[in-house]
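First the structure, in the form of structure tokens, and then the observations on it.
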Amino acid sequence: MLRQLGGTMASQNIESVLHEQRTFQPSAEFAAAARIGAAELAALRREAAGDHAGFWARLAREELVWKTPFTVTLDDSNAPNYSWFADGRLNVSFNCLDVHLAERGEKTAIVFEGEPGDVRRLSYRELHAEVCRLANALKAQGVGCGDRVAIYLPLVPEAVIAMHACNRIGAIHSVVFGGFSAPALKDRIEDTGAKVLITADGGWRGGQAVELKVAADKALADGCPSIERVIVLKRTGRPVLMQPGRDLWWHEAIEGHAAHCEPAWIEAEHPLFLLYTSGSTGKPKGIQHSSGGYLLGAKVTTRWVFDLHEADVFWCTADVGWVTGHSYVTYGPLALGATVLLYEGSPTFPDGGRFWKLCQDHRVSVFYTAPTAIRALMKLGEEVPGRYDLSRLRLLGSVGEPINPEAWMWYHRVIGGGRCPIVDTWWQTETGAILMSPLPGATATKPGSCTVPLPGIEADVVDESGASVSRADTGGYLVVRKPWPSMLRTLWGDNERYRAAYWSRFNGRFYVAGDSAHRDGDGYFWILGRVDDVLNVSGHRLGTMEIESALVSHPRVAEAAVVGKPHEIKGESVFAYVVCRGARPTGDTRQLVAELRDWVGQQLGAIAKPEHIRFADNLPKTRSGKIMRRLLRSIARGEDIIQDVSTLENPAILDQLRGIETPAEAEEEPGLEAGLASPAAAG
Ligand code: WTA
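Heads up: the sequence shown runs through residues 413 to 1095, numbered per the working numbering.
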């Protein structure tokens, strides 16, 4: 069912975006210097339309260095398990590091600033050496081609080093965001069967040390029998327990290892990484990406969308625990030989000017973040960014959720000084790389629209029957009609779920993104939101079922239903209806509310904590026992109930559900930080 399309919410969405009439043309100056201008873009589109596979084959030959060239471009004989460039061999770290050594070996690859203010720079040569040392150390610990390595680190250069060290030897990395709790880490490690865990004594966040090793120890104490070794980076220097025979310091592990490591020349389809994301059931999905196709997507989109030139300093604020940090920190920009900025900590530490100070101090020219961060920083007022010199910025990007026109305009005017184009990039963990975005030197932008698909991407909006919705401004399912190289290959260990989740809705005819969208009269796409039971909180995907499972695992909770509620900064917030064992709690429920919120935080991570909890005697169900989520959503939003409630088994429950809300206790983090509950906020 297309939930966003029925009811008031959908018409509000559609109307609010329709009022947006402003269009911004690329300036003549930007267009003249851009890597892709209007003529080049038109030529790319023509080429892709004429020969879809041939277009990608040409790019794959030109952009990547192959040890063994491929002869087969696209194999669709096993659709929807597509493969690209399957008989070609390459190495990803070679394509991101070694290829630059002759021409730009001394160029800065990574500028790092820790939250306490410590700064480190790594040239391409130094990064290459560190990657090789760790790759050799991993081999010495028995990690081989195809083995899985879990990475649970703060956002420090070693996170990038670890990812490349894995792919250098053909090991498959699975990065788990440092904000996830021990049980979430354990589930992910167990699903991958990782042999080695790479973690740290901790990281800095909001002035506090985040105790990663403590969480890792807890995860391993509760399970994870596949883990043989834990490699521990010293970051905060705080004391940690090291388990003899299992735990090894990073600096000791790499001691004596050569700064050279022959790359493993793996097949293009060899998995590069697994990354877990939420779906509509309780169990997160292990998105499996390939090596060749993925790297091609990450590299060309970095060039096209971020227009990187040799002198640019690119800052994508996402943590490598999310796909954005994979494609636009670790892979795309390094494949292009760019300089990237990495920042460990909170955007508001020690104050709300930190992002802008970082842009100033490190001369950031291309800046990519999430709407939730923009909205949160916007609230602090223009004087804050006004204190910093942002004149180096030339291009701004947005990702993770629809950006509301107000935030777009503020970003454009206050941060971009009215001169920087904004690229609103639509994509997903599953798509591997940006699929829809303006090209800054070629596409006119409209605040709130991700504009049109990139060359080689055939996105469409279709109705329930799968027919393309051609009437302007009528919503439907967002789909992609043809396979593309950086698409996910499967779900780790569950190909049936892969087929069901992304392909079954229209009998394998298209990839179903799970978003609803509509197109305006110019063919521009406007994303309306998810059509499944996935919330988007601060640009992060959270499955309602995951939060419900966490709640019902608390001894006091009998049943729970979670829905999203629009939130000024986070985009959406978590609203939970809870049925307790025994009598419904009444009176002052603040303590129980706080306990349940903490419980969810401990089970999943701080980002999943419900903002609102409302207690009821039972949940509204149809006679067949299905929870009426649409109804719960309307109630959470304070909307009039227009749904048919005649099938409701227990109509009397409505008043209770609507009843005076039990306000959850104030956020533990300050309000601003709440929208930015994860390092650097972008998803
Ligand atoms: C949403 C993040 C509107 C969308 C890269 C998608 C967006 C989900 C945009 C994927 C955008 C991402 N405009 N919505 N520019 N970018 N989304 O897997 O609902 O964390 O399906 O990947 O975020 O989230 P994910």
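Virtual Cβ for every residue (Gly too), placed ideally from N, Cα, C.
As the structure is a prediction and not an experimental result, all values here were calculated from the model.
The three-state reading of DSSP puts P569 in helix, counting H, G and I together. Here T998 is exposed. Its C-beta has fewer than 16 other C-beta atoms within 10 Å. With contacts defined as CB atoms closer than 7 Å, L847 and G887 fail to qualify as a contacting pair.
Taking a cut-off of 8 Å on C-beta distances, the segment 516-530 does not touch the segment 586-601, as fewer than three cross pairs fall below it.
With contacts defined by Cβ atoms closer than 7 Å, G590 and P569 do not form a contacting pair. At a Cβ-Cβ threshold of 7 Å, L851 and I448 count as neighbours. In terms of Cβ geometry, I639 and W662 do not form a close pair [threshold 7 Å]. According to DSSP, V874 shares a beta bridge with S880 and Y889. With a beta-carbon spacing of about 16 Å, A845 and S810 fall beyond the 8 Å limit used to define contacts.
Assigned with DSSP and collapsed to three states, Q1014 falls in helix.
For T713, the uninterrupted alpha helix (DSSP H) run begins and ends at G704 to F718, by DSSP.
In the three-state reduction of the DSSP assignment, H952 falls in the strand class. Contact check for D719 and L807: beta-carbon distance about 6 Å, within the 8 Å limit, so the pair qualifies. Contact check for N579 against L684 passes: the beta carbons are separated by less than 7 Å. The residue from T1034, A455, W496 and F918 with its alpha-carbon nearest to that of S703 is W496. Burial state of C862 is buried, judged by a 10 Å Cβ sphere holding 16 or more other Cβ atoms. As the crow flies, the alpha-carbon of L1043 is around 7 Å from that of I1053. The nearest non-hydrogen atom of the ligand WTA is less than 6 Å from the C-beta of C862.
Put simply, the segment 744-752 touches the segment 710-718. At least three CB pairs are less than 8 Å apart. Of the candidates F592, T604 and C544, C544 places its Cα closest to the Cα of H669. Per the C-alpha coordinates, the member of N907, H824 and T841 positioned closest to I834 is H824. In this structure, E475 sits away from F467, with a CB-CB distance that is not shorter than 7 Å.
If you draw a straight line from the Cα of L1016 to the Cα of V826, it comes to about 36 Å. Beta-bridge annotation (DSSP): W938 is paired with H930.
Inter-residue distance for L456 and K1021 is about 45 Å (C-alpha atoms, whole angstroms).
The closest CA to that of R501, considering only T483, L486, I522 and W478, is found on W478. With a threshold of 16 other beta carbon atoms within 10 Å, V1012 meets it and is buried. Here A552 is exposed: its Cβ has fewer than 16 other Cβ atoms, across all protein chains shown, within 10 Å. Per DSSP, the continuous alpha helix (DSSP H) segment holding L453 begins and ends at A450 to G462. Sixteen is the threshold: when 16 or more other Cβ atoms of the shown chains lie within 10 Å of the Cβ of L1008, as they do, the residue is buried. G983: member of the beta strand (DSSP E) spanning G983 to C992, first to last residue. Here DSSP, grouped into helix, strand and coil, assigns T784 to helix.
Residue pairing from DSSP places V752 in a beta bridge opposite I522 and F726. Leaving aside the five residues that flank R537 on each side, the residues in its chain whose CB is nearer than 8 Å to its CB run, in chain order, L513, G517 and E518. In the structure shown, H576 falls within a helical segment according to DSSP collapsed to helix, strand and coil.
Within 6 Å of the C-beta of D763 there is not a single heavy atom belonging to the ligand WTA.
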